[in-house]
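Everything below concerns the one structure shown next.
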Amino acid sequence: MGGNAVGLFGQGGAGGAGGSGFGAGIPGGRGGDGGSGGLIGDGGTGGGAGAGDAAASAGGNGGNARLIGNGGDGGPGMFGGPGGAGGSGGTIFGFAGTPGPS
Numbered sequence: 057m058g059g060n061a062v063g064l065f066g067q068g069g070a071g072g073a074g075g076s077g078f079g080a081g082i083p084g085g086r087g088g089d090g091g092s093g094g095l096i097g098d099g100g101t102g103g104g105a106g107a108g109d110a111a112a113s114a115g116g117n118g119g120n121a122r123l124i125g126n127g128g129d130g131g132p133g134m135f136g137g138p139g140g141a142g143g144s145g146g147t148i149f150g151f152a153g154t155p156g157p158s
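Note that the sequence shown covers residues 57 to 158 in the numbering used here.
Written out as structure tokens, the structure reads:
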């Protein structure tokens, strides 16, 4: 998972990519979730799914904004696996992140 921003300003860290799966039908790892933003700042982007041997794997979720900021976008899935959910926007102002493609 990406690091969370600490303090007033700051963007959450992006989630890492999922590890690769080896062997027939073994999926790659799920992408890491993006970190949450500071009180003012955007959530981090979710990591992409790892490559697997034709097996579906999921993307990581976008990080959430706290007070003011946009949610992070979800990471992409692999081989038809679901993309990660977009993070929520800030409670005062902000837009939700976009779900990742599958």
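Beta carbons are placed, not taken as given, at the ideal position from N, Cα and C, and that holds for glycine.
Item, Value
"Where residue 96 falls: helix, strand or coil (DSSP)", "strand"
"Option in 148, 147, 140 and 146 with minimal Cα separation from residue 70", "140"
"Inter-stretch contact at 8 Å, needing at least 3 Cβ pairs: the segment 125-142 / the segment 94-111", "yes"
"Any C-beta of chain D under 8 Å from that of residue 133", "Absent here is chain D; the protein component of the structure consists of one chain."
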